[in-house]
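**Student:** Using the working numbering, you'd call the opening residue of the sequence shown number 121 and step up by one each time.
Just so it is clear, CB atoms sit at the ideal spot from N, CA and C, and this is done for glycine as well.
Starting off with a structure, shown below.
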Amino acid sequence: MNRSPYTSLSAPTHRHGASAVAVAILLFCVMLAAVGGAWAQRSLAAMDSYERLRDAMTEAPASGEERAALEAGATEAESNRDDTDDSDGTADPLMTRAIDWDDLRAINPDIIAWIYVPGTPIDYPVVQAPASDPDRYLHTTFDGRVAYPNNEGTIHLDAQNAADGLNAASPVLYGHEQLNGSMFSAWRDNYDPEHLASCNQVYLYTPTTTFHVELFAANIVDATKERLYSDLTVEELQPWLDEKLAESEAVLAHPQNIKQLWTFVTCSYTTWRDQRTLSYGITVDRAPACS
121 MNRSPYTSLS
131 APTHRHGASA
141 VAVAILLFCV
151 MLAAVGGAWA
161 QRSLAAMDSY
171 ERLRDAMTEA
181 PASGEERAAL
191 EAGATEAESN
201 RDDTDDSDGT
211 ADPLMTRAID
221 WDDLRAINPD
231 IIAWIYVPGT
241 PIDYPVVQAP
251 ASDPDRYLHT
261 TFDGRVAYPN
271 NEGTIHLDAQ
281 NAADGLNAAS
291 PVLYGHEQLN
301 GSMFSAWRDN
311 YDPEHLASCN
321 QVYLYTPTTT
331 FHVELFAANI
341 VDATKERLYS
351 DLTVEELQPW
361 LDEKLAESEA
371 VLAHPQNIKQ
381 LWTFVTCSYT
391 TWRDQRTLSY
401 GITVDRAPAC
411 S
């Protein structure tokens, strides 16, 4: 007689069998709670680690009135910027930030930058993924702890960009989408034009240069089919961008004659199991780093 694989669960015929099932379910729940507790503990530990790192290594405006004032100043500077003029125009207060690079290097010599996005939790160190181990920072936090299965990891630049770093023609940066809202979670929904417009100003601080990047488009892709190119030449950028914009759900602008194209990658999981949100940006300002 053919029996349903669920027969023993849905219609137990023996009390001992029922007891065994109940015990199995109880043990499963206990194990699930333990795993969930461990995940939560690691998640909180990773968040706390990055918060302490931020407080100790950077002189960022504190949350509250001072921070709001600086971000308002940056917004005013952006509104006064002439896109056809290469001059700085109104000074952007967020272009200046003191960061203790020596102490950061002492913790992790792979540090190359610090990323900040006003109005979001994105305020983290950026590391260079080594060519010999390109996936290292998917599960490794900045201080070297392996965070799996928490997946906090570290925001990192693609290994193929190692030679030119953030000066590459097509730098690609990766950051996880987390349930706790950390890392690149704020960019998960950038395929919505209104959402993209609310968080599209990006500041990347390095020991020598500060970049102000403006996101202008985003689209969702199936990571099992999409290929990212972090080694494009300047001549290849515009045709590649034109192709990507034709596929993008959110397009705020269509830049021409670009010399550099930034791509920021995070997970989103709304359509495909391996879905990613890709956000595209161009440099709108750059200046020597704060000494």
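For Pro238 and Gln321, what's the separation of their Cα atoms in angstroms?
**Tutor:** Their backbone Cα atoms lie some 7 Å apart in a straight line.
**Student:** Using the rule of at least 16 other Cβ atoms within 10 Å of the residue's Cβ for burial, across every protein chain shown, is Cys410 buried or exposed?
**Tutor:** Burial call: exposed.
**Student:** Considering only residues of the same chain and omitting the five flanking positions on each side of Met177, which have a CB-CB separation below 7 Å?
**Tutor:** Result list for Met177: Ile219, Asp220, Asp223 and Leu224, in chain order.
**Student:** If you draw a straight line from the C-alpha of Ala233 to the C-alpha of Glu367, how long is it?
**Tutor:** Roughly 30 Å separates the two Cα atoms.
**Student:** If you draw a straight line from the C-alpha of Arg217 to the C-alpha of Pro245, how long is it?
**Tutor:** Roughly 13 Å between the two C-alpha positions.
**Student:** Would you mind stating whether Tyr400 and Ala337 have Cβ atoms separated by less than 8 Å?
**Tutor:** Yes, the pair counts as a contact, with Cβ atoms nearer than the cut-off.
**Student:** Roughly how many angstroms separate the alpha carbons of Leu214 and Glu355, rounded to a whole number?
**Tutor:** When rounded, the distance between both Cα atoms is 31 Å.
**Student:** Among Tyr257, Glu363 and Phe384, whose alpha-carbon lies nearest the alpha-carbon of Gln376?
**Tutor:** The shortest Cα separation from Gln376 among Tyr257, Glu363 and Phe384 belongs to Glu363.
**Student:** Is the region 383 to 391 in contact with the region 292 to 304, if contact means three or more CB pairs nearer than 8 Å?
**Tutor:** Judged by Cβ distances under 8 Å, the region 383 to 391 makes contact with the region 292 to 304, as three or more pairs qualify.
**Student:** Going along the chain, which residues of its own chain have a beta-carbon closer than 7 Å to the beta-carbon of Thr326, five neighbours each way excluded?
**Tutor:** If we look at Thr326 and ignore the five residues flanking it on each side, its Cβ neighbours are Ile232, Ala233, Leu286 and Ala409.
**Student:** Measuring alpha carbon to alpha carbon, tell me which residue in Lys345, Ile378 and Ala343 is nearest Leu361.
**Tutor:** Checking every option, the nearest Cα to that of Leu361 belongs to Ile378.
**Student:** Run through DSSP, which three-state label would Leu293 get?
**Tutor:** Reduced to three states, the DSSP call for Leu293 is strand.
**Student:** Go ahead and pull the three-state DSSP assignment for Glu334.
**Tutor:** Correct three-state label for Glu334: strand.
**Student:** Compute the Euclidean distance between the alpha carbons of Ser163 and Glu272, then round it to the nearest angstrom.
**Tutor:** Caution applies to Ser163, whose pLDDT of 47 falls short of 50 and renders its modelled position unreliable; the value that the coordinates give is listed next. Cα-Cα distance, rounded: 7 Å.
**Student:** If you count every other CB in all the chains shown that lies within 10 Å of the CB of Pro291, and 16 or more means buried, which is it?
**Tutor:** When all chains shown are included, Pro291 counts as buried.
**Student:** Could you tell me the distance, in whole angstroms, from the CA atom of Leu147 to the CA atom of Gln395?
**Tutor:** The predicted position of Leu147 is uncertain, since its pLDDT is 49 and thus under 50; a value taken from the coordinates is nonetheless stated next. Their backbone Cα atoms lie some 33 Å apart in a straight line.
**Student:** Can you give the Cα-Cα distance for Ala407 and Glu346, rounded to whole angstroms?
**Tutor:** One C-alpha to the other measures close to 34 Å.
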